[in-house]
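Engineer: Take a look at the following structure, please.
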Amino acid sequence: MSASLLVLIPLLPLIGFLINGIGFRRIPRGAVGIIGSLAALGSFAVSVVVLMAFKEAGSTPQVVSLFDWISVGELSIPFSFQIDQLSLLMLMIVTGVGSLIHVYSAGYMKEDEGFGKFFAFLNLFLFFMLLLVMGSNYVIMFIGWEGVGLCSYLLIGFWNKNTDYNNAARKAFIMNRIGDLGFLLGIFTIIGTFGSVEFTEVFRQATGLPVGDPVVVVITLLLFVGATGKSAQIPLFTWLPDAMAGPTPVSALIHAATMVTAGIYMVIRSNVLFTLAPATLEVVAIIGTATALLAASIGLLQNDIKKVLAYSTVSQLGYMFLALGVMAYSASMFHVITHAFFKALLFLGAGSVIHAMSGEQDIRFMGGLRKKLPITFITFLIGTIAIAGIPPFAGFFSKDEILAHAFEHNKVLWVLGLLGSIMTSFYMFRLLFLTFFGSFRGTHEQAHHLHESPTSMTLPLIVLAVFSALGGFMGVPEVLGGTHQLATFMSPLYEGARQVNPAAFAATTLSHSEEYLLMGISVVAALVAALAAYVVYVRRDSVPAPETQERPALQRVIYHKYYIDELYDAVFVKPIRTLSALLFSFGEFFIDLVVNGTGTLVKVLSGQLRRTQTGSTGYYIFAMVVGIVLILFWNLLLR
Amino acid sequence: MYPIVLLSVLGIVVLFLGFMKSKSVLLPATLLFLVLALASNFIDWNQGKVLYFYEMLAVNNLTLAFNAIVLVSAFMIVAMTRGFQDQEEAQPAEYYGIMLFSLVGAFMIIGYEHLIMLFVGIEILSVSMYILTGSDKSNLRSNEAALKYFLMGAFATGIMLFGIALLYGATGSFNLTDIQSYVSIQGRGVSYILYAGLLLLLIGMLFKVSAAPFHFWTPDVYDGAPTIFTTFMSTIVKTAGFAAIFRLLSHSFTPIYSFWWITLAAITVLTLLVGNIIAVYQNSFKRMLAYSSISHAGYLLIAVTSLSPQTENAILFYSLAYSIATISAFGVLMLVSKKKALEGQVDESYAAFNGLAAQNPLLAFVLAVSMLSLAGIPLTAGFWGKFFVFGSAVERGLVWMLVVAVLMSAVGIYYYFRAIIAAYLKEGDIGKIRIAPFYRIILVVATAMTILFGLAPGIFEKLL
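Chains as they are written, first to last, in the working numbering: chain A, 1 to 639; chain B, 1 to 464.
So this is what it looks like as C-alpha cells:
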C-alpha cells in the first residue's frame with residue numbers, strides 16, 4: 001500500500017476545507033456543496049481502494065511512516081498512519097456516512113448564508129476525524145481528538161448570533177477539555193511507562209505486564225476519562241443534548257455517527273491495556289450501563305425531536321461502553337457501525353421533518369406527517385425499528401450481542417441493559433407516532449408549507465435506510481446460522497489481549513437454548529414497549545403536556561433531566577466563578593501593583609540614566625577613562 | 001583572502017566609474033562586485049585553516065562564514081541606497097568606494113592572525129566610518145557626529161595600540177598562535193604586562209562594538225549619521241568586531257579564562273543594563289535602535305564571556321539574525337522618514353509610524369517582524385539567536401548573568417513593541433509610500449529570512 005494513496009484520504013477533505021474556507025465569499029453556492037461533497041466522496045473512494053488492497057495483501061496490519069515529527073531525547077514520535085482492521089472499519093464509517101451527510105447538507109443548508117463556511121468546517125472535521133482513526137500513535141490520535149473537538153465547537157455554535165447556541169458550544173468544548181486533560185495525562189503516563197507512544201511498541205511492551213498492573217490501571221482510567229468526555233458518558237454527558245443547537249447534519253455526523261464514537265475507538269485500539277486492567281473494565285461497564293439507563297429515562301419525556309435523539313445517542317453510547325466493559329470489543333464495534341447507520345438516518349430524517357416544518361422541533365406541534373413526507377416516514381420507521389432492536393434490522397444483532405455478553409459477565413448488567421432497551425423502544429416509537437401519526441397539530445401556515453424534501457436529502461435517507469435494514473447481516477451470530485464475519489475480521493486485533501488474558505476470549509459458555517431465550521426476551525420486550533407506545537399515542541391520541549402544566553414529582557425530576565445541569569452549576573460553576581472573581585480582584589490589586597511598579601521603576605531609572613548621555617565629548621572621554629582606570633586598578637592591583 | 005584582494009581593486013574601479021557622466025552604472029556595478037566577492041569568498045571553503053600573507057591572515061570556515069554574513073548585509077544595505085539618486089550633494093562613487101574599502105577592513109579583523117593586521121583592519125574600517133558619518137556635509141548633526149566619533153575613536157585606537165605594544169613586550173610576538181603558546185606555557189604566572197596589554201586591547205575592541213562604559217559615542221553618532229550609514233555601522237562593524245573579539249579570546253587567551261572572564265562579565269551586565277534601560281526613554285526610533293545595538297552587543301558579549309563550544313555557532317547565528325532584522329527596521333525607517341521629509345517635517349520618532357499599517361501593510365509587517373526578531377519572540381530568527389546565546393551561558397553555568405539578560409529582554413519588549421503599536425494601533429495620516437521594486441525585494445527577503453530561520457534554525461547549521 002503506497003503512502004501517497006493513504007495520504008490522500010485525509011488530504012482531500014483538507015483541500016476541500018482550504019478551498020471553501022479561504023474562498024467562501026467568492027465561490028458560488030452551487031460549487032461549494034459540490035467541492036465539499038466531492039472531497040468526502042473522494043476520500044471514501046480511496047478508503048474503499050485501500051480496504052480492497054488490504055484484504056488482497058492478506059490482511060496484515062501495517063504502519064506507513066510519513067516523516068519524523070518530534071524527536072526529543074529518547075522519545076521519538078513519527079507522523080505515521082496505521083492501517084489495520086480497526087482503522088479501516090472506522091475509515092469506512094467516517095468517509096461513507098460522512099459522504100452521505102455531505103450530500104444531504106448540500107440540500108439542507110442551501111438557504112443558509114454561511115453555506116460555504118459550513119462546508120469548510122464539515123471538511124475540516126472529516127480531516128481531523130481521519131487523523132484520529134488513522135494515526136499510528138497516541139499523539140496523532142490526540143491531534144485528531146482535539147481537532148474534532150474544535151470542529152464540534154465551531155459547528156454547534158454555527159449560528160453564532162444566538163447566545164444560547166454559543167453557550168452550548170462553549171459547554172461542549174469545556175466538558176470535552178476536561179476529558180481531554182485525562183487523555184493527555186494518560187498519554188504522559190504512557191510515555192513515562194513505555195517510553196513510546198507508538199501503538200505497536202506500547203502494546204508489545206504491555207503484553208509483558210501482569211494482569212492488574214497498577215500503572216496500567218491508572219493509564220486506562222485516565223484514557224477512559226478522555227473517552228467519557230468525547231463519548232458523552234457520566235459524568236461528562238450533559239454537553240451532547242445541548243450540542244443539538246448545531247445544524248441537523250452536524251448532529252448526525254459529529255454527534256451521532258462519528259466523533260462521539262471516538263472514545264469507543266480509543267478503548268478498542270488500546271484493548272491490550274484495558275484487558276490488563278479488570279478494575280477499569282468494571283468501571284467502564286458500570287458507567288456505561290448507568291449512562292444507558294439514565295439517558296434513556298430522560299429520553300422518555302423529551303418533546304424536542306432532536307433532544308430525544310440526542311439522549312438516545314447518549315444511551316446507545318452507554319451500551320457500547322457496557323460492551324467494552326465486558327470485553328466484548330467486537331460487539332461494541334458492531335454497535336458503533338450499526339448505530340452510525342440508524343442514528344445518522346434518524347437524525348437526517350428529523351432534519352427532513354424540521355425542514356418541512358419550517359424549523360419547528362417540538363413534536364407536540366407535529367403529527368400526521370406520514371402522508372406529506374412518505375419517504376421520510378418510511379426511512380424513519382426503518383430507523384426506529386432498527387434502534388428498537390427488532391429483527392432482522394441492524395440494531396437487533398448488535399444490541400443482542402452486547403446483552404448476551406453482559407449476561408455472561410454479570411446478570412445484573414443484563415437486566416439493566418434490557419430495561420434500557422425497553423425504554424429505548426418506547427421513546428423511539430413515541431417519537432415516531434407523535435410525529436407521523438394522528439392529526440396535524442401545528443399552525444395553519446406550517447400545514448400549508450409541508451412538503452417532502454429534495455432528492456439530495458432523500459437519497460442519503462434511502463441509502464442509510466438500506467444499511468440500517470441490512471447492516472446487521474455482517475454480524476449474524478453462529479446460533480442463527482451465521483459466521484459473524486465482522487468478529488472474524490476483527491479478531492487479529494486482539495492477539496495481544498488474548499495473550500495476556502486468554503480466559504476473556506474463550507468461546508461462549510452459553511448454550512444455544514439460552515441464547516435463543518435471551519433473544520426472545522429482548523425482542524418481546526421491545527415489541528411490548530412499542531405496542532404500549534402505540535396504545536398511548538395513537539389509540540388514545542394523547543399528546544405530552546405543555547410546558548406550563550404542573551407535573552407529578554417523579555415526572556418533573558426526569559423532565560428536568562434529573563437537575564444535573566443545575567447540580568453542576570451549583571457544585572462546579574458557581575464556586576469556580578467566585579474563586580475566579582476573588583483571584584481577579586487580587587490580581588487587579590497586587591499583581592498589577594508589582595507589574596506596573598516594575599514598569600514605572602524602569603522608566604524612572606531610564607530617565608536618570610539618560611542624563612549620562614550629555615552630548616559633551618570631553619565628558620564621554622572622562623567617563624571612559626574612569627572605566628579604564630577602574631578595570632586596570634581592580635584587575636592588576638586588587639587581585 | 002580573495003575578497004580582500006578583489007574588493008581592494010574593485011573599490012578603486014568604483015572610484016574610476018565615478019568619472020563617467022552617468023551615475024546609474026554605479027549601483028549595479030557595486031552590487032555585482034559584492035556578489036563576486038561573495039563567490040570568491042567560498043574558494044577557500046572547507047580547506048581547513050589556511051594562512052596567507054606571511055601568516056598574518058587566517059582563513060577557515062568560521063572566518064568565511066563571518067565574511068559571508070558581512071557581505072550579505074553589505075549587499076542589502078547597498079541595494080537600499082538606490083544609488084543616492086534623491087540626494088543632490090551625494091557623491092555615490094566615493095560612498096560606494098569607501099564602503100567597499102571598509103569591507104576590506106572588516107575582512108581583515110575577522111581573519112587576522114597577527115595583531116598588526118587587526119590594527120590595520122580596525123583603522124581601515126574606522127576611518128571609512130568617520131567619513132561616511134560626516135558625509136551629509138550640509139547637516140550640522142552629521143558633522144558633529146563625525147567629529148565626535150573621530151575624537152573618541154582616536155582615543156580608543158591609542159588605548160588599543162598601547163595594549164598591542166604591551167602584549168608584544170610580554171610575549172615578543174604579534175602572532176596569535178605565538179601568544180597562545182606563550183600563555184599556555186606560562187599559565188596564570190604570566191607577567192602583569194601581558195594582563196595589562198590584554199585588558200587595554202580588549203577595551204579598544206569593546207569600544208568598537210559599543211560595550212558599556214565605552215558606548216557613549218554610539219547614540220550620538222548613530223543618530224547624527226545618515227540612516228543608511230547607521231545601518232552599515234550597526235551591522236557590519238558589530239559583526240566584524242565580535243568576530244575579532246571572539247577570535248582573540250578563543251584563540252590566544254583560553255588558558256587564562258579565569259583572569260579575564262570577570263571583567264568581561266561585569267562589562268556584559270553593564271552593557272545590557274545601559275542599553276536596554278536607556279532605550280525605554282527614547283522617543284526617536286533611530287536613537288532607540290542605537291541603544292538597541294548597545295543592548296545586542298550585551299547579548300553577544302554573553303556568548304563571548306561564556307566561551308563554550310556553542311559560542312562560535314551562537315555568535316554567528318546571532319549576528320546574522322540581528323543584522324537582518326536591523327537592516328529591515330532601518331529600511332522601513334528610511335522610507336517612512338523620507339516620506340515625512342517630503343511632507344515638510346523631518347521625523348524619525350516612533351510617532352512617524354503612526355497608522356503605517358492602514359495604507360502600507362507590507363512595510364508595517366516588515367517592521368513588526370524585525371521588531372519581534374530583535375525582541376527575541378519565538379518563530380523569528382532573533383528568538384533562536386537568544387536561545388543559542390543563553391544556551392552557551394548555561395553550559396558555562398553563568399546563570400546569574402542569564403537572569404539579568406532575561407529581565408533585560410523583557411524590558412526590550414517594551415520599546416520594540418512601541419513601534420508595532422504605533423504602526424498597527426495608532427491613528428495616523430501616512431499616505432501610500434512608493435517602494436522601488438528592488439528595495440521591496442530586499443525587505444521581503446530579509447523578512448522571509450527572519451521567519452525562515454525562526455521556523456527552522458537547523459537550516460543555518462546545514463548551510464555551514
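Think of the CB as a built atom: it goes at the ideal place given N, C-alpha and C, for glycine as much as any other residue.
#1: Identify the residues that DSSP records as bridge partners of B:H114: which are they?
#2: Against chain A, does B:I278 count as a neighbour if the rule is that its beta carbon must be under 7 Å from one of theirs?
#3: Unbroken alpha helix (DSSP H) runs of length 4 or more, entirely within the segment 346–413 of chain B: which are they?
#4: With 7 Å as the limit, tell me which residues of the segment 602–623 of chain A have their beta carbon closer than that to any beta carbon of chain B; keep them in chain order.
#5: Can you check the segment 186–226 of chain B for any alpha helix (DSSP H) of at least 4 residues that lies completely inside it and give the ranges in chain order?
#6: Who are the neighbours of A:N635 on chain B, taking C-beta pairs under 7 Å?
#7: Taking A:L240 as the reference, give the member of A:D112, A:T313, A:Y319, A:L638 with the closest Cα.
#8: Quick one: does B:K49 have its CB under 7 Å from some CB of chain A?
#9: Under 7 Å Cβ-Cβ, which residues of chain B neighbour A:G627?
#10: Relative to the C-alpha of B:F84, which candidate in B:A156, B:F388, B:S24, B:G412 has its C-alpha closest?
#11: Using a Cβ cut-off of 7 Å, pull out every chain B residue sitting near A:L632, in sequence order please.
#12: Relative to the C-alpha of B:G48, which candidate in B:S40, B:L62, B:A37 has its C-alpha closest?
#13: What are the residues that DSSP puts in a beta bridge with A:F67?
#14: Given this structure, state the Cα-to-Cα distance separating A:A623 from B:T271, to the nearest angstrom.
#15: Can you name the residues that DSSP bridges to B:S284?
#16: Taking the CB atoms as reference points, tell me whether B:A381 and B:T326 lie closer together than 7 Å.
#17: Using DSSP's beta-bridge definition, name the partner residues of B:Y52.
#18: Is there at least one Cβ from chain A nearer than 7 Å to B:K148's Cβ?
#19: Using CA coordinates, which residue listed in B:N283, B:L398, B:F207, B:E88 is at the minimum distance from B:L307?
#20: Does the Cβ of B:T254 have 16 or more other Cβ atoms within 10 Å, making it buried, or fewer, making it exposed?
#21: Determine the DSSP secondary structure at A:G33, reduced to helix, strand or coil.
#22: Cβ of B:Y415 within 7 Å of Cβ of B:V304?
#23: Using CA atoms only, rank isn't needed, just tell me which of B:F259, B:P219, B:Y54, B:W45 is closest to B:S191.
#24: Run down chain A in chain order and give the residues with a C-beta less than 7 Å from the C-beta of B:D220.
#25: Would the beta-carbon of A:K230 be found less than 6 Å away from any heavy atom of the ligand HEM?
#26: Measuring CB to CB, does A:I77 end up less than 7 Å from A:V139?
#27: By the criterion of Cβ-Cβ separation under 8 Å, what are the contact partners of B:M152 in chain A?
#28: Are the CB atoms of A:L236 and A:G182 within a distance shorter than 7 Å?
#29: Can you pull the chain A neighbours of B:V394, defined as C-beta to C-beta under 7 Å?
#30: Please identify, using Cβ separations under 8 Å, the residues of the segment 398–431 of chain B that lie next to chain A, in order along the chain.
#31: With burial defined as no fewer than 16 other Cβ atoms inside 10 Å of the residue's Cβ, what is the status of A:V211: buried or exposed?
#32: Hey, out of B:V366, B:A393, B:S392, whose CA is closest to B:I467's CA?
#33: By DSSP, does A:E360 sit in helix, in strand, or in coil?
#34: Distance, Cα to Cα, B:R188 vs B:A170?
#35: When DSSP labels each residue in this structure, what does B:Q310 get in the three-state scheme?
#36: From the DSSP output, which residues share a beta bridge with A:D654?
Structural biologist: Checking against the coordinates, here is how it stands:
#1: The beta-bridge partner set that DSSP reports for B:H114 consists of B:N175.
#2: The beta-carbon of B:I278 is placed less than 7 Å from the nearest beta-carbon of chain A.
#3: Segments of the alpha helix (DSSP H) lying fully in the segment 346–413 of chain B: 356–359, 361–375, 381–396.
#4: Sequence-ordered contacts of the segment 602–623 of chain A with chain B read V602, K603, L605, S606, G607, L609, R610, Q613, G615, T617, Y620, I621, A623 [C-beta pairs closer than 7 Å].
#5: Counting whole runs of 4 or more residues, the segment 186–226 of chain B contains the alpha helix (DSSP H) stretches 192–208, 217–224.
#6: Within chain B, the residues near A:N635 are Y195, L199, T263.
#7: Ranking the options by Cα distance to A:L240, first place goes to A:T313.
#8: Closer than 7 Å: no.
#9: Within chain B, the residues near A:G627 are P213, F214.
#10: Nearest of B:A156, B:F388, B:S24, B:G412 to B:F84, Cα basis: B:S24.
#11: Those within 7 Å of A:L632 in chain B are A196, L199.
#12: Among B:S40, B:L62, B:A37, the Cα nearest to that of B:G48 belongs to B:L62.
#13: Note: A:F67 sits in a beta bridge opposite A:F79.
#14: The straight-line gap from Cα to Cα measures roughly 14 Å.
#15: Note: B:S284 sits in a beta bridge opposite B:S349.
#16: No; because the gap between Cβ atoms is not below 7 Å, this pair is not in contact.
#17: Answer is B:L57, bridged to B:Y52.
#18: At least one chain A Cβ lies under 7 Å of B:K148.
#19: For B:L307, the nearest C-alpha among the options comes from B:L398.
#20: Label assigned to B:T254: exposed.
#21: A:G33: helix per DSSP, three-state reduction.
#22: Between B:Y415 and B:V304, the C-beta gap is not smaller than 7 Å, which leaves the two residues out of contact.
#23: Closest by alpha carbon: B:F259.
#24: Annotation: Cβ neighbours of B:D220 in chain A (cutoff 7 Å, chain order): G615.
#25: Because no ligand of any kind appears in the structure shown, any question about the ligand HEM cannot be addressed here.
#26: Yes.
#27: Contact note: B:M152 reaches chain A through T617, Y620, I621, M624, using a C-beta cutoff of 8 Å and chain order.
#28: No, these two residues do not count as a Cβ contact at 7 Å.
#29: The premise fails here: B:V394 is roughly 17 Å from chain A at the closest Cβ pair, so nothing lies under 7 Å.
#30: For the segment 398–431 of chain B, which is checked against every Cβ of chain A, the residues closer than 8 Å are V411, Y414.
#31: The residue in question, A:V211, is exposed, as its Cβ has fewer than 16 Cβ neighbours within 10 Å.
#32: Because chain B here runs from 1 to 464, residue 467 of chain B falls outside it and cannot be looked at.
#33: Coil.
#34: Cα to Cα, the separation comes out at about 14 Å.
#35: In the displayed model, B:Q310 falls within coil according to three-state DSSP, outside both helix and strand.
#36: Residue 654 of chain A cannot be examined here, being either before or after the span of chain A that is shown, 1 to 639.
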